[in-house]
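Residue numbers (our numbering), protein chains in the order written: chain A, 15 to 68; chain B, 306 to 788.
Positions of the beta carbon are idealized from the N, C-alpha and C atoms, including for glycine.
In this text, all values refer to a predicted model and were calculated from it rather than measured experimentally.
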Ligand SMILES: Cc1cc2nc3c(=O)[nH]c(=O)nc-3n(C[C@H](O)[C@H](O)[C@H](O)COP(=O)(O)OP(=O)(O)OC[C@H]3O[C@@H](n4cnc5c(N)ncnc54)[C@H](O)[C@@H]3O)c2cc1C
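1. Restricting to Cα atoms, I'd like to know which of B/545, B/413, B/595 and B/514 is closest to residue 793 of chain B.
2. Could you check how far apart the C-beta atoms of residue 740 of chain B and residue 630 of chain B are, in whole angstroms? I think they sit under 8 Å.
3. Is it the case that the Cβ atoms of residue 557 of chain B and residue 656 of chain B are separated by a distance below 8 Å?
4. Would a C-beta distance cut-off of 8 Å place residue 444 of chain B and residue 485 of chain B closer than the cut-off?
5. Using only the alpha-carbon positions, how far apart do residue 561 of chain B and residue 589 of chain B sit?
6. If we cut at 8 Å on Cβ distances, does residue 683 of chain B have a partner in chain A?
7. Of the choices B/354, B/761 and B/313, whose alpha-carbon is the least far from that of residue 43 of chain A?
8. Under three-state DSSP, which class holds residue 780 of chain B?
9. Counting C-beta neighbours from all protein chains within 10 Å, is the total for residue 691 of chain B 16 or more, i.e. buried, or is it exposed?
10. Note down, one range per segment and in chain order, each beta strand (DSSP E) of at least 3 residues found wholly within the region 715-761 of chain B.
11. Taking buried to mean at least 16 other C-beta atoms within 10 Å of its own C-beta, is residue 426 of chain B buried or exposed?
12. Does the CB of residue 15 of chain A have a neighbour CB from chain B at under 8 Å?
13. Around the C-beta of residue 613 of chain B, are 16 or more other C-beta atoms found within 10 angstroms, so that it is buried, or is it exposed?
14. Against residue 34 of chain A, what residues of chain B qualify as contacts under a CB-to-CB distance less than 7 Å, listed in chain order?
15. Taking only beta carbons into account, state which residues of the region 746-759 of chain B come closer than 8 Å to chain A, listed in chain order.
16. Under the three-state reduction of DSSP, which class applies to residue 15 of chain A: helix, strand or coil?
17. Does the distance between the C-beta of residue 481 of chain B and the nearest non-hydrogen atom of ligand 1 fall short of 7 Å?
18. Does at least one heavy atom of ligand 1 sit under 7 Å from the Cβ of residue 593 of chain B?
19. Could you name the residues of chain A that residue 735 of chain B contacts, counting a contact when the two beta carbons are closer than 8 Å?
20. Rounded to whole angstroms, what's the CA-CA distance from residue 528 of chain B to residue 54 of chain A? Just pull it up for me.
21. Fully enclosed by the region 530-583 of chain B, which beta strand (DSSP E) runs are 3 residues long or longer?
22. Of all the residues that make up the region 761-785 of chain B, which are near chain A by a beta-carbon distance shorter than 8 Å?
23. Below 7 Å, is the gap between the Cβ of residue 444 of chain B and the nearest heavy atom of ligand 1?
24. What does the alpha-carbon distance come out to for the pair residue 15 of chain A and residue 366 of chain B?
25. Is residue 315 of chain B close to ligand 1? I mean its beta-carbon at under 7 Å from any heavy atom of the ligand.
26. Going along chain B in order, which residues have a C-beta closer than 8 Å to the C-beta of residue 40 of chain A?
27. What number of angstroms, rounded off, separates the C-alpha of residue 345 of chain B from the C-alpha of residue 25 of chain A?
28. Can you have a look at residue 573 of chain B and say buried or exposed, based on whether 16 or more other CB atoms are within 10 angstroms of its CB?
29. Quick one: residues in its chain with C-beta nearer than 7 Å to the C-beta of residue 676 of chain B, no 5 flanking neighbours on either side, listed in chain order?
30. Does residue 728 of chain B come within less than 8 Å of chain A when only Cβ atoms are used?
31. Measure from the C-beta of residue 725 of chain B to each C-beta in chain A and report whether the shortest distance is under 8 Å.
32. Can you tell me whether DSSP reads residue 419 of chain B as helix, strand or coil?
33. In the DSSP assignment, what residue or residues form a beta bridge with residue 379 of chain B?
34. Between the region 757-774 of chain B and the region 716-729 of chain B, are three or more C-beta pairs nearer than 8 Å?
35. Within 10 angstroms of the Cβ of residue 541 of chain B, are there 16 or more other Cβ atoms? Answer buried if so, exposed if not.
36. Thinking just about the alpha-carbon of each residue, which of B/769, B/636 and B/581 is nearest to the one in residue 455 of chain B?
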């Protein structure tokens with residue numbers, strides 16, 4: 015969360031944006047969770063690729 | 306024996322030529338005319354631009370691959386098309402000018418039965434005064450990316466002791482390819498942290514998008530926490546998290562040493578100083594000319610004013626309110642010459658995908674339609690399929706269809722390289738061109754449009770790098786790898 019507190023300034027350009035919490039940021043590089051997401055994203059992408067090849 | 310000539314050996318042309326040769330076999334000829342001796346996996350130029358890959362890792366020589374495949378390779382650039390032949394014969398031909406193979410500067414005529422234009426973009430630096438004068442860098446080619454990294458490292462070095470300012474984005478109001486600039490800015494930020502110089506760097510984004518996350522496709526929506534959330538939220542969130550402020554709706558009108566001048570949608574103007582800037586140039590067609598049998602110029606018949614080739618799109622839809630998904634081309638056949646096709650960036654899109662905007666002074670400021678790797682590959686393969694069927698089954702053969710309004714795109718935008726600390730935004734959008742008749746409101750199917758940020762996306766981006774280079778080298782099983 016430190017970076018967010020440093021960068022999001024009151025009523026500044028980025029004050030109204032969504033900002034990830036520490037937990038979300040941790041999960042983005044958590045190896046076990048990301049391995050599961052890797053499988054899930056691959057399946058989703060393969061479906062879109064198959065649909066797009068007509 | 307029929308001869309197919311493919312102009313351009315990039316993502317789309319290489320796909321078209323290699324599949325066509327595979328399907329046609331030795332009975333017919335496939336000729337590729339392309340000016341570079343090496344094939345470049347362009348998406349990985351981003352990593353070259355931050356020093357995480359070398360040029361050698363993102364290119365390979367084309368000649369041995371084409372020799373293995375039985376494709377006639379001419380290292381040359383196509384100059385003109387003569388679809389009705391010339392003085393000597395009615396046979397259609399193109400003129401080429403060699404850039405290699407020991408014949409540099411020599412010209413030649415190559416006759417064809419079928420012609421595929423896959424010449425990609427001309428990087429139109431000249432559209433913005435000063436953009437091509439060494440004040441800024443680019444990552445659009447592997448050599449540009451090598452140079453960008455050298456300049457970046459100088460700024461990182463200076464940032465050890467003094468404040469430095471980095472500006473990344475689009476260098477004109479009508480640029481496309483925001484995704485590449487997006488990837489570059491986040492990779493710079495990631496590398497700056499690793500180098501311990503982030504605190505001395507002000508990193509800023511400037512782009513022609515009317516909202517962050519437009520990407521030239523009018524943005525997209527994804528399911529999140531019970532909402533269909535706009536890509537604007539995701540983009541703004543990422544820029545905020547990484548401490549990167551943004552200027553949007555901007556037309557960069559002039560670049561000087563250390564300074565970019567811009568005009569905003571509200572008509573106001575401003576300037577932004579920088580120590581290092583990577584501004585993507587606008588794209589145009591590569592400037593091929595077309596001549597009739599008697600030598601008269603028929604370039605306007607075959608090409609749109611922006612230099613892209615006209616295909617089976619509806620170019621007269623008029624105002625934004627009239628635009629439909631069905632305006633987009635399906636077969637990519639030139640309407641005047643049925644033995645001529647265009648694929649990848651080389652075809653003329655019928656209209657913008659993002660909402661058209663212009664400043665109060667009348668300056669158009671909107672992203673033009675991107676044609677990213679997956680659509681470029683799929684279109685190239687479909688066009689090759691059509692040409693092969695025309696050759697094998699005759700002129701009544703059914704043409705294969707691949708509309709960007711019925712096709713999705715999988716995009717993985719790198720946000721920093723590293724097998725355990727890297728991240729990327731993994732996105733799919735379906736369809737690429739929104740269809741507001743089929744999917745009222747959002748224009749896209751929410752079941753197949755999604756995105757998330759994380760290490761998994763980075764792994765996928767890394768795998769795609771190796772997979773597509775493997776495929777482009779025509780290694781065993783290459784035909785099984787989808788575009
Ligand atoms: C830095 C960067 C990063 C990108 N990242 C991604 C990404 O992550 N994912 C994605 O999907 N897309 C990405 N893209 C977009 C992707 O690279 C393009 O969509 C794709 O390359 C388009 O394919 P193309 O064949 O139309 O053009 P190109 O791949 O550019 O190929 C055109 C070819 O034509 C040749 N040529 C030029 N002039 C002539 C001539 N007169 N005669 C003959 N040949 C000629 C060129 O030398 C080139 O070989 C990125 C683009 C850039 C610039």
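Taking the structure as given:
1. Residue coverage of chain B in this structure runs from 306 to 788, which leaves residue 793 of chain B outside it and unanswerable.
2. 4 Å
3. no
4. yes
5. 23 Å
6. yes
7. B/761
8. coil
9. buried
10. 729-734 and 755-759
11. buried
12. At residue 15 of chain A the pLDDT is 42, less than 50, meaning the model places this residue with poor confidence and gives no usable figure here.
13. buried
14. 542 and 546
15. 753, 755, 757, 758 and 759
16. Its pLDDT being 42, under 50, residue 15 of chain A is placed unreliably by the model, and the measurement read from it follows with that caveat. If DSSP states are grouped into helix, strand and coil, residue 15 of chain A belongs with coil.
17. no
18. yes
19. 62, 65 and 66
20. 15 Å
21. 532-535, 555-561, 564-569 and 574-578
22. 761, 762, 764 and 765
23. yes
24. Residue placement at residue 15 of chain A is poorly supported in this model, since its pLDDT is 42, which falls under 50; the coordinates still yield a value, given next. In a straight line, the C-alpha of residue 15 of chain A is about 47 Å away from that of residue 366 of chain B.
25. yes
26. Correct list: empty, because the minimum Cβ distance to chain B is about 11 Å.
27. 45 Å
28. exposed
29. 649 and 650
30. yes
31. yes
32. strand
33. B/338
34. yes
35. buried
36. B/581
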